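Using this note's numbering, you'd call the opening residue of the sequence shown number 56 and step up by one each time.
Glycine is no exception: its CB is placed at the ideal position from the N, C-alpha and C atoms.
Here the structure is a predicted model, which means the values were calculated and not measured.
Data first, discussion second: the structure below is written as structure tokens.
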Amino acid sequence: MVCQSCGVTVQTTQSVPLPAASGAWWLPALSPAERDALPPGRTPRWAELVEQTLRLAESAPGGRIRSLPGTGPEGRLLHPLRPFLLTASRHFAAVNPAAADRRVVWAGARHHLAGGLVRLAGRTLVQELGHARRAGTLTGQDGRERFDAFLCEVAAGPALGAVLHRHPVLARLLAERCTRTVAAATELLERLHADREQLTAALLDGEPGRLTRVRFGLGDPHAAGRSVAVLEFDGGQRLVYKPRPLGLHARWNELLAWFGGRQPQLAARAVRLLPRAGYGWAEYVAPRPCRSQAEVGRFYERLGAQLALLHVVNAVDIHAENLIAARDQPVVVDVETLFHPCWAPVTDGGADPAARALAASVQRTMVLPNPWFGGGGSLDLSALGGQADQWTPDPMPGWADAGTDLMRLVRRPARWPGADNRPMLAGRPADPADQLDRLLCGFRAGYRAIAAHSHELLGEQGMLSRFAGEAMRLVARPSQSYATLLAEATEPELLRDHSGRERAFAALHDETGYPHLHVLAPHELTDLLAGDVPFFTTTPAARTLRTWDGRELPFLLDESGLTAAAGTIRGMSEGDLDRQAWLIRASLAAGRRSPGRHAPGRPAAESEDAYDGDPGAQALELARGIGEDLLSRVCRGEGRVNWLGLQEAWPGQWAVLPMGMALGDGYTGPALFLAELGRLTGAVRYQEAAAQAVRVLPQLLRLLAEHPELARAVGPGGFSGLGGISYATARLATLLDSPELSAALPAGLAALHTAAVDPAAPMDIADGLAGALLAAEAVHAQTRLPAAAELAHTVRTLAGHRPRPERPGFLHGHEGVAWALRERAAVDLADSDGPGRCPDWVGRALRACKADQHLALLADRVPMPGHSLRHGELGLLEPLVELMPTDAGHRRTAARLVRSVEQQGARCGTPSEVPTPGLLTGLAGIGYGLLRLGFGPRIPSVLLLRPAAGPGPVEREGGHHHDGRRTARQCGQRAAGDRRASHGG
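Set out below in structure tokens:
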């Protein structure tokens, strides 16, 4: 027959009688409990609606194929689903026969429903299209005609019925989506009519005129498909409908007014509300551009003050879409998640005090940048960091060749369009990093005002007590996680029976480190099976949780939200203020690019830099200051200490994270420095902190030895993996006189062996085999464990058969690999780019063993701006300390660097030089480098993974002995010999 919709001859499926009421086709869509509860001879209501819709599809003409408005060719998939729209429209009209505004409300609901139907059925329809194409049953002259012909064929009742009978779960989801949309639209219509008079007076500033448009689905679907909607009137007014209680937001408005009375210059605009029983209405806050740079500054100052207020009431989920920039006012438009519990992960080593501190910090609000990392980069949806035109770091599902018979699902990065969270000036969004000082100024002022007036907030009559009985939402997992699960659950294979649908959400039961999720997972599953984003509620005064429909869960919070907030307020201090301010500074700096290559310096004036004398005493004093700084930054709990650090979480991408085990940016680095400092100074507090930092290390090393897959995931590297961890364990066992660490070393070496023999292991020092080799040799020199010697031999053999990195550099390049394999090179340092990127230069200088030339080049330039081992002066000085520790020229250069640290403070190798505790880029490395400058051979080089002076010489390949160090004279003789050999002499 010729299809009237597309004009193409299509094959038709002979009409097949619908199944009897016993309903064999729909039984697979029921859970076992539903089957048991269904009375004999009864058909579920959703199945009756499907059968009604299929009869309608057979009797009604298909009509012209039209895309869903606002979509591309993929919107044409709506065509065979239009009978469901027609069924829903008839039901809505039946329950709202003569209501005013009925047509406008349903037009918006119908559009939202259409998009939902396409998302539910799209993958199944495209799979059916592929089957038909491969079977050769499609008709048409080109791909577009064949696509339209397929849609017309499926739109016929028998063909649509065949698809749904093969996928009864899909049929159920489509029918229930229709039913829920009708119910939600009816509910909004009734509430609008009931509240119209009060809305006109309270929020619309007079009669708004005729309702012209309703936009549904402006938030996640919760509570049987309900979501936020925006209503538009012909008078230009707009109104926000929220199908949940707004009492908590009303109390927030009161808190804003209280705060404004104490800091008028930082007063924030509140959102006008009309709370009702179980739902409410809010004014529509439109974004407005700033008129001057001064308004931009005031915006960020006010946002800083609001951040302090959000912090003390333990707010979460204040992301980019929940903040509107209205000139100089940052307006938070959704505060349903105040007084949220602090859920920090529990790791195999127990509770991490740094993770707990981060979970209870200003970062939890989601106001601060907190990117999501993946293979394609990062995406930041925070209120401060969220900017338009970011790309998702992980591939997202989408369509290729949409609207043709080759249409198929593909995965590729998707663009995030942005929100209205950033103030605009002259058509451009303001960069929050440029307003850091104003943001911090507002935060400090707000924090101190809250602390000064805390007595007005606390107690039975305090401001916070007003929140006690208001409903609030608990966010068990990120909404994006739920959205991903719901999207992937529409795979056709998962829509054939109820067990497949449950398998789609199996990830809910995965181990996450958050114990509460085990309790919540069955209730999350219930909501997700219904197509909702899970929604849990409580009140700030309660410890119990409930589902959205009021069922109490068998779970108790550790403490109520009000109790936790009171604890946050009572814990306010200048020290805590400094810690929160550091988090703000570090989070904004994390959005900047990683420190890169440093430009060669210009010759320095002798009058500026000449400095004589022994730097040892001053270096030790500065190192002690860094040690005290590290102690002030520790997070303590349950016998452990750890730190928060600004770390390179992904190449070129930085984030504030609790420190892990790695030597380069983990807690073993600060522990190693503090232990060395304690040994030199005799100060017990440094060694105690070091011991507490690595208290969990033996347990974790045994875990890695028992689970090879975890050891391979950690990797063998000297600074990111088990090589550096084993090196630190051996050295700390001696420094701390720790039998526990000594006893754990064999497990660490076993795990390192597993990681090193992995064929996927890279070759470099930081992440790969070169680092494992240096570490194994150092452990053997330190402990004389036979396993370490055997491991070093194994790794050296493996390294001889692995391809080397092509990039230059010491930590990640071929220079470091050559150094680890004891390969020397006849390199003229003057022919290179000079002391630029530290690890690159270190590798060349050490391989060439030209300490004198290196010293001359270092002296003939302006010092680099930073001091870190990886990106600063201390890294560049490492060859001098290693090759000529007692040379007078080296001592003068070292003294100049010591003076630089004394005058400027320790400058880390992080974005914006934000202080961080780590070894390679942070304070621990700067402190350790100062000890190296002051005490030379007494402090082994951690950058080179050198052993301490051990009980005897280190056995090298071929029977040679090496004491871990060469003199400059010996290096020069070896280099000269290399040059003669290269010329055949």
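In this structure, T784 is the residue among G737, E743, T784 and G778 with its C-alpha nearest to the C-alpha of Q754. Using a 10 angstroms sphere on the CB of D720, the tally of other CB atoms reaches 16 or more, which defines it as buried.
For C207, the enclosing alpha helix (DSSP H) stretches over residues G198 to A210.
Excluding sequence positions up to five before and after P135, its CB lies within less than 6 Å of the CB of L206, V209, A210 and L215, all in the same chain and listed in chain order. With at least 16 other beta carbons inside 10 angstroms of its own, D460 counts as buried. Relative to A278, the option among E287, A305, G333 and R268 whose CA is nearest is G333. One alpha carbon belongs to R528, the other to T602, and they sit about 10 Å apart. Around Q253, the same chain offers L329 as residues with beta carbons nearer than 7 Å, after the five sequence neighbours per side are excluded. Three or more Cβ pairs drawn from the region 795 to 806 and the region 768 to 786 lie within less than 8 Å of each other, which places the two stretches in contact. Between L829 and L988, the CB-CB gap reaches or exceeds 9 Å. Contact annotation: Q318 and A504 have beta-carbon atoms nearer than 9 Å. Separation of W81 and V387 (C-alpha to C-alpha, rounded to the nearest whole angstrom) is 46 Å. When the Cα atoms are used, I981 and L931 turn out to be separated by approximately 12 Å. DSSP places W336 within a strand segment (E or B) once states are collapsed to three. Contact between N476 and L378 holds, since their C-beta atoms are separated by about 4 Å, short of 8 Å. Assignment of I820 by DSSP, reduced to helix, strand and coil, places it in the coil class. At the C-beta level, G441 and E515 stay beyond 9 Å of one another. Your pair L480 and Q348 checks out as a contact, with CB atoms roughly 7 Å apart and the cut at 8 Å. Around the CB of V340, 16 or more other CB atoms lie within 10 Å, so the residue is classed as buried. The alpha carbon of F139 has as its nearest neighbour, out of A112, G130 and R121, the alpha carbon of A112.
Counting along the chain, the unbroken beta strand (DSSP E) around F288 starts and ends at A284 to F288. Boundaries of the beta strand (DSSP E) around Q384: Q384 to V387.
When the alpha-carbon of T592 is set against those of G616, P570, L584 and L580, the nearest one is in G616. Counting along the chain, F990 sits inside the alpha helix (DSSP H) bounded by residues L978 to F990. Setting aside the 5 residues that flank it on each side, H222 is surrounded in the same chain by T179, P547, L550 and R551, each with a C-beta closer than 8 Å to its C-beta; the list follows chain order. For the beta strand (DSSP E) assignment, the uninterrupted runs of no fewer than 3 residues enclosed by the region 416 to 482 are, from N- to C-terminal side, 427 to 429, 432 to 434, 451 to 455 and 463 to 467.
The region 367 to 376 makes contact with the region 391 to 406: 3 or more CB pairs, one atom from each, lie closer than 8 Å. Under the three-state reduction of DSSP, E703 is assigned to strand.
Counting along the chain, no alpha helix (DSSP H) covers T126, and no H or E run does either. DSSP places W313 within a helical segment (H, G or I) once states are collapsed to three.
A residue is called buried once 16 or more other Cβ atoms fall within 10 Å of its Cβ, and R235 is buried on that count.
Look at V936 here: in three-state DSSP terms it is helix. Here Q702 is near G973, since their CB atoms are less than 9 Å apart. When the five nearest sequence neighbours on each side are left out, the beta carbons in the same chain lying within less than 8 Å of the beta carbon of R382 are those of R343, P344, C345, R346, E350, F354 and P478, in order along the chain. For the 9 Å CB-CB criterion, G776 and A738 do not form a contact. Going by C-alpha positions, P124 is about 10 Å away from H167.
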